[in-house]
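Residue 72 in UniProt numbering sits at position 72 of the sequence shown, with consecutive numbering throughout. All C-beta atoms in this analysis are idealised placements derived from N, C-alpha and C, irrespective of residue type, glycine included. Here the structure is laid out as structure tokens; the discussion comes afterwards.
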Amino acid sequence: MNDSLLKPAVLGVALRRWRLLHRVKQAHAAQLFSVAQSTISRWESGVQEMEPAERARVEQMLAARLEAAADQALARLVSDSPRAVHLVCDLSHRLLACSATRAAEFSVPLAELMGRSLWRYATPEIARKEAALDALGWRDLLMPPALEFGSGANDSAIVPIRQGLCRWTRMTLSDGTAARLVETL
Numbered sequence: 001m002n003d004s005l006l007k008p009a010v011l012g013v014a015l016r017r018w019r020l021l022h023r024v025k026q027a028h029a030a031q032l033f034s035v036a037q038s039t040i041s042r043w044e045s046g047v048q049e050m051e052p053a054e055r056a057r058v059e060q061m062l063a064a065r066l067e068a069a070a071d072q073a074l075a076r077l078v079s080d081s082p083r084a085v086h087l088v089c090d091l092s093h094r095l096l097a098c099s100a101t102r103a104a105e106f107s108v109p110l111a112e113l114m115g116r117s118l119w120r121y122a123t124p125e126i127a128r129k130e131a132a133l134d135a136l137g138w139r140d141l142l143m144p145p146a147l148e149f150g151s152g153a154n155d156s157a158i159v160p161i162r163q164g165l166c167r168w169t170r171m172t173l174s175d176g177t178a179a180r181l182v183e184t185l
């Protein structure tokens, strides 16, 4: 699977949400990205796709980071959890934190996966649920509910996923970016 799964509309919604949380006007965002204000408007509405370089800059800006003390505390809670859980960037699926229980399932050291997208290990069921998130209002709500679904199974030894129940909980980090807590139930 391709690591870049974000549709233009998804990235546009995330950009708008970031702008609103940070009280950044479209005109200022346009200056940040060296484009016209109308281009920001078209990106946010999903009418216009970003050029690859623009897309990379927007994705980098919107990527979840665990820089604030509260976000680092969240990462410690995930890391110290006795359950099979991990925390990923909601947009890129980059691994941000992982419990030892979950890491024990991996066939490579956790350090090799930290900061990398786990999307390539997604099952068809996970991909279908990801594709349905916009229709469910996942990115539109400030505090969307957790989603539970059957995960299916993959054949990866690196990041194995066994058939079972999965829960995603979307969390807004201190800087307004979003992370996703992934739990195996």
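| Query | Result |
| --- | --- |
| Buried versus exposed call for V88 [16 or more other C-beta atoms within 10 Å across all chains shown] | buried |
| Beta-carbon proximity list for V24, same chain, < 7 angstroms, skipping 5 on both sides | none |
| Paired residues, beta bridge with G152 - DSSP | Looking at the DSSP assignment, G152 forms no beta bridge with any residue, so it has no partner. |
| Cβ-based burial, E67 [other Cβ within 10 Å; buried from 16] | exposed |
| Extent of the continuous alpha helix (DSSP H) run through H28 | Q26 to F33 |
| L62, buried or exposed, once every other Cβ within 10 Å from all chains shown has been counted against 16 | buried |
| Bridge partner(s) assigned by DSSP for S45 | According to DSSP, which records beta bridges pairwise, S45 is partnered with nothing at all. |
| Start-end ranges of the beta strand (DSSP E) lying completely within the region 153-177, minimum 3 residues | 165-172 |
| Segment limits, beta strand (DSSP E) that includes V88 | V85 to C89 |
| Straight-line Cα distance separating S92 from W138 | 15 angstroms |
| Supposed contact pair A97 and A75 - C-beta distance, whole angstroms, cut 8 angstroms | 4 angstroms |
| At least 3 beta-carbon pairs within less than 8 angstroms: the region 46-56 vs the region 151-163 | no |
| Three-state class that DSSP yields for R180 in the structure shown | strand |
| Rounded C-alpha distance that separates L147 from E183 | 10 angstroms |
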